[in-house]
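Quick mapping for you: the protein sequence lines, in order, are chains A and B.
For the first sequence, counting from 1, position 334 maps to 334 in the UniProt record's numbering; every step adds exactly one.
For the second sequence, counting from 1, position 293 maps to 293 in the UniProt record's numbering; every step adds exactly one.
Virtual Cβ for every residue (Gly too), placed ideally from N, Cα, C.
Each remark here refers to the structure printed beneath this line.
Number of protein chains: 2
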Amino acid sequence: MSLDAVLAKIDTDLSDATERLKELLRIPSISTDPAYAQHCQTAADWLVADLARLGVPAQKRETPGHPMVVGHINEDSDGPHLLFYGHYDVQPVDPLDLWDNDPFDPQVEDTAKGQVIRGRGSADDKGQLMTFLEACRAWTHVHGALPCRITFFFEGEEESGSPSLVPFMQENADELRADIALICDTGLFESKTPAIVTMLRGLLGEEFTIQGPDIDLHSGMYGGISINPIRVMGKVIAGLHDDEGRITVPHFYDGVAELSDEMEAQWQGLAFDHAHFLGEVGLSHPAGEQDRTPLEMIWSRPTCEVNGIWGGYTGDGFKTVLPAQAHAKISFRLVGDQDPEAIRANFRAYVQSMLPEDCTVEFKGHSSGAASATETTDPMFEKARQALSTEWGVPAAYVGCGGSIPIAGHFQNILDTTPMLIGFGKDDDALHSPNEKYDVESFHKGIRSWARILDALT
Amino acid sequence: MSLDAVLAKIDTDLSDATERLKELLRIPSISTDPAYAQHCQTAADWLVADLARLGVPAQKRETPGHPMVVGHINEDSDGPHLLFYGHYDVQPVDPLDLWDNDPFDPQVEDTAKGQVIRGRGSADDKGQLMTFLEACRAWTHVHGALPCRITFFFEGEEESGSPSLVPFMQENADELRADIALICDTGLFESKTPAIVTMLRGLLGEEFTIQGPDIDLHSGMYGGISINPIRVMGKVIAGLHDDEGRITVPHFYDGVAELSDEMEAQWQGLAFDHAHFLGEVGLSHPAGEQDRTPLEMIWSRPTCEVNGIWGGYTGDGFKTVLPAQAHAKISFRLVGDQDPEAIRANFRAYVQSMLPEDCTVEFKGHSSGAASATETTDPMFEKARQALSTEWGVPAAYVGCGGSIPIAGHFQNILDTTPMLIGFGKDDDALHSPNEKYDVESFHKGIRSWARILDALT
Chain A
1 MSLDAVLAKI DTDLSDATER LKELLRIPSI STDPAYAQHC QTAADWLVAD
51 LARLGVPAQK RETPGHPMVV GHINEDSDGP HLLFYGHYDV QPVDPLDLWD
101 NDPFDPQVED TAKGQVIRGR GSADDKGQLM TFLEACRAWT HVHGALPCRI
151 TFFFEGEEES GSPSLVPFMQ ENADELRADI ALICDTGLFE SKTPAIVTML
201 RGLLGEEFTI QGPDIDLHSG MYGGISINPI RVMGKVIAGL HDDEGRITVP
251 HFYDGVAELS DEMEAQWQGL AFDHAHFLGE VGLSHPAGEQ DRTPLEMIWS
301 RPTCEVNGIW GGYTGDGFKT VLPAQAHAKI SFRLVGDQDP EAIRANFRAY
351 VQSMLPEDCT VEFKGHSSGA ASATETTDPM FEKARQALST EWGVPAAYVG
401 CGGSIPIAGH FQNILDTTPM LIGFGKDDDA LHSPNEKYDV ESFHKGIRSW
451 ARILDALT
Chain B
1 MSLDAVLAKI DTDLSDATER LKELLRIPSI STDPAYAQHC QTAADWLVAD
51 LARLGVPAQK RETPGHPMVV GHINEDSDGP HLLFYGHYDV QPVDPLDLWD
101 NDPFDPQVED TAKGQVIRGR GSADDKGQLM TFLEACRAWT HVHGALPCRI
151 TFFFEGEEES GSPSLVPFMQ ENADELRADI ALICDTGLFE SKTPAIVTML
201 RGLLGEEFTI QGPDIDLHSG MYGGISINPI RVMGKVIAGL HDDEGRITVP
251 HFYDGVAELS DEMEAQWQGL AFDHAHFLGE VGLSHPAGEQ DRTPLEMIWS
301 RPTCEVNGIW GGYTGDGFKT VLPAQAHAKI SFRLVGDQDP EAIRANFRAY
351 VQSMLPEDCT VEFKGHSSGA ASATETTDPM FEKARQALST EWGVPAAYVG
401 CGGSIPIAGH FQNILDTTPM LIGFGKDDDA LHSPNEKYDV ESFHKGIRSW
451 ARILDALT
């Protein structure tokens, strides 16, 4: 009855909610590029102000990097203590020329598949973060107050490896500890089935530079006799996978477990349509380990991908240079008990082993986070799953996720708080890509989903 | 006697000659980048004006690309008709941050090895081009006129594949044909022995883009199941050479002849110090075909080098993108009778053969030119070699050259004019690299060398 009133308020308030989201999307809070640091501050200030509008006292909490935003409400109430997490930072926007409009001038567009909110961060993660705030806004409007103790915890470094997160959680563990941590940074299964993610891959990032000659050389004068670091880089990259798609770094698969029969059966039940999943981005052929199913490739198997490579002359025209250096950025997705730092060391040893005479390598380590898996024994999981099933009209599923949300593991390990990952993104949201979008349906039903979950958990 | 007067004038005029060269070096005539087209015009105008100062009527001759400069003097005189060729365009300057000063603000610097003229184009090829003009200037000052019929022919597209050169030579063959073509765009052997280059490698340039998915993807969501074009590029590059350093493109070695015993003996006589050659640029190990001598690697064997590569995220920080495209620029140095266009076709077929499912490739062809070898039977070669030996105090040598100067072949094939390649560059001039320089010794003795050659040939 009172839930119906909240849902009705959400429906009537949707266009205002969309305008609020567009305000937040206009702030170019790119966390990985120092040039945008001030904009990250602005986004944090915006969230503090919006929480105040909800009657939630919140502060911007400085870190060595970009600030956290923390707010608390109903601290003395009984009943469950929920923590809600989202991140206000976004990915860089290049290649900018592939965007149909300004990534930071969000627009609501009509598409063949319905209305979308277009802009950097619309799906990852500002739009998702706002689904929870809007649910709280409607709830407060109808009831005058939120139903239980809630801690709001927003980060601004998720897209750049969360360097400040672990120290901040450790220093503020008592303040942040809750009964459950609701994390909204994941998607629907196949764009239609609501899902609670219980398995997340870890991440390890490495950047390295292979040096050959001291200086760039003339490929006519030195070509043939001098080592070319780009050719060495080619061999390093080509050697990372064998012909079956397995990663060749020594001991890489230590700690990678096989799927339980139960999980395997549940995933088969999902009847994943990988042809559609790949077709959405112009592909047709699962390119991973040839003896694994498509769902295993993206959920339960580790990967090694080259995220960037550069060296020599990359401008217009042609320059017959034999370059002094070649560079690459490589990331690993980790599963099970794989040890990120052990893999970092083994990867570096592998690269060293591939270097011919006269070549040296310099490494720059980027972030690392182990994989995480969540027990779903707490009854709150089943309550949330039911709420999602009711809102979306299909049974919600417990699924894996190829992405890495290290914070899920941190909640478990540092705060002893069980993470519950629920999100409403779709496979064609173009996360981290040009023309990123978030469906208005995801936003609207996402807000309604949180209202139902708040109702179910309290 | 009169030669001594010319040489004396050259010595007293050196600082003025250096100032004139610095004027030309200040013009950023980068031919490969359309943004610098106007500067190429300015450089051509400067040369027309300088030829006028020598009493040589010259014109800027427009082409679809950058203009040629052509001047004639003593057209009705008997005796030999010499043509002199140089190019006024230069290479791009990136990476700019590796230059110690502005590449287009040339400076004379004192170094441990003597004075150098520092700046883009100082050695390739403006400084070398000016050695001939300054010799003519001194000669004219002493004698009131030049000793024979001379055609001056300067190009502005040598660093960008000379697209206009062949048509221009064909249309103006009768005007340009001469008894011998003096080309000043090569170096001393091991920085000390004057050399006449009789063997030049050809060049073939290719640029290509490997496309995987339609758009950049999130490596968490798609990593493992989606093909990564950078990984494919790595395999393409790694596969271009076998473990012995031989190029694997089918039929690549068709038309590659073995050295004649005579040439092999002459080259052994040169006692090439490859340890020093490589040591100058921080290397120690000849990296080419393992069954070839270092001189063969740079003079008489073909090569395949990657000149540039790029794809994915290459900025600061880290972006877990699985890119849609990877790009590379590759060039081949050709020898003997290798057919550039046949190799282009076989290379493209090789790349196609390396593509997995879901990948496509687009090629962009860059310039190509076959290798060339010159007969030294014309007595003018021996006269010039003697003149060089006298100036430098060591016997001049007939040598090969790893670089590609397609115009040498064009003079032979289109104008039926024998090219004579004489230059004064040194191995540490950093051609095509940051901090390019030309030794004042190269410039000074280069001018004196041309005066002696003019005297010897007339």
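- Think of a sphere of 8 Å around the beta carbon of residue 231 of chain B: the chain A residues whose beta carbon falls inside it are 237, 238, 240, 241, 305 and 306, in chain order.
- Residue contact check for residue 313 of chain A against chain B: a CB pair falls below 8 Å.
- Judged by DSSP in its simplified three-state form, residue 225 of chain B adopts coil rather than helix or strand.
- For residue 320 of chain A, a Cβ of chain B is located within less than 8 Å of the residue's own Cβ.
- At a cut-off of 8 Å between beta carbons, residue 309 of chain A contacts chain B.
- Around residue 430 of chain B, the beta-carbon contacts reaching into chain A at under 9 Å are 215, 216, 217 and 218.
- Annotation: residue 109 of chain A to residue 116 of chain A spans about 5 Å, alpha carbon to alpha carbon.
- Contact of residue 281 of chain A with chain B by beta-carbon distance below 8 Å involves 213, 214, 215, 217, 222 and 226.
- In summary, the residues of the stretch 31-45 of chain B whose CB is separated from some CB of chain A by less than 9 Å are 31, 32, 33, 34 and 35, in the order they occur in the chain.
- Taking C-beta atoms as the reference points, residue 401 of chain B and residue 111 of chain B fail to come closer than 8 Å.
- Taking the Cα of residue 332 of chain B as reference, the smallest distance to any Cα among B/326, B/73, B/206 and B/36 is reached at B/206.
- For residue 103 of chain B, none of the residues of chain A pass the 8 Å Cβ criterion, the least Cβ distance being about 13 Å.
- B/133 is the residue among B/18, B/133, B/121 and B/281 whose C-alpha sits nearest the C-alpha of residue 71 of chain B.
- In this structure, the beta-carbon distance from residue 325 of chain B to residue 248 of chain B does not fall below 8 Å.
- Nearest to residue 156 of chain A by C-alpha distance, out of A/338, A/73 and A/37, is A/37.
- Per DSSP, the continuous beta strand (DSSP E) segment holding residue 110 of chain A begins and ends at 107-111.
- Of the other Cβ atoms in all chains shown, 16 or more fall within 10 Å of the Cβ of residue 338 of chain B; this residue is therefore buried.
- As DSSP reads the structure, residue 205 of chain A sits in a beta bridge with A/331.
- Shown in chain order are the members of the stretch 248-278 of chain A whose Cβ falls below 9 Å from a Cβ of chain B: 274, 277 and 278.
- Collapsing the DSSP output to three states places residue 346 of chain B in a helix.
- Within the stretch 76-137 of chain A, there are no complete alpha helix (DSSP H) runs of at least 4 residues.
- Residue environment analysis places residue 292 of chain B among the buried positions, since at least 16 neighbouring C-beta atoms fall within 10 angstroms of its C-beta.
- Distance from the CA atom of residue 51 of chain B to the CA atom of residue 152 of chain B, rounded to whole angstroms, is 9 Å.
- In the DSSP assignment, residue 199 of chain B is bridged to B/373 and B/400.
- In this structure, residue 192 of chain A sits away from residue 21 of chain A, with a CB-CB distance that is not shorter than 8 Å.
- Taking the CA atoms as reference points, residue 161 of chain A sits about 31 Å from residue 448 of chain A.
- In the DSSP assignment, residue 68 of chain A is bridged to A/61.
- Among the residues of the stretch 163-175 of chain B, none has a Cβ less than 9 Å away from any Cβ of chain A.
- Interface flag for residue 338 of chain A against chain B is unset, since no Cβ pair is found closer than 8 Å.
- Given a length threshold of 4 residues, each whole run of the alpha helix (DSSP H) inside the stretch 232-278 of chain B is given here in chain order: 261-269.
- Think of a sphere of 8 Å around the beta carbon of residue 298 of chain B: the chain A residues whose beta carbon falls inside it are 221, 222, 223, 224 and 225, in chain order.
- In the structure shown, residue 455 of chain A falls within a helical segment according to DSSP collapsed to helix, strand and coil.
- For residue 139 of chain A, same chain residues with a beta-carbon under 8 Å away, outside a window of 5 residues either side, are 6, 146, 147, 451 and 454 in chain order.
- Of the candidates B/434, B/441 and B/229, the residue whose Cα lies closest to the Cα of residue 351 of chain B is B/229.
- Exclusion of the five residues before and after residue 163 of chain A leaves 64, 65, 157 and 367 as the residues of its chain whose Cβ lies within less than 8 Å of its Cβ.
- Across the set B/344, B/258 and B/90, the C-alpha of B/90 shows the shortest separation from the C-alpha of residue 28 of chain B.
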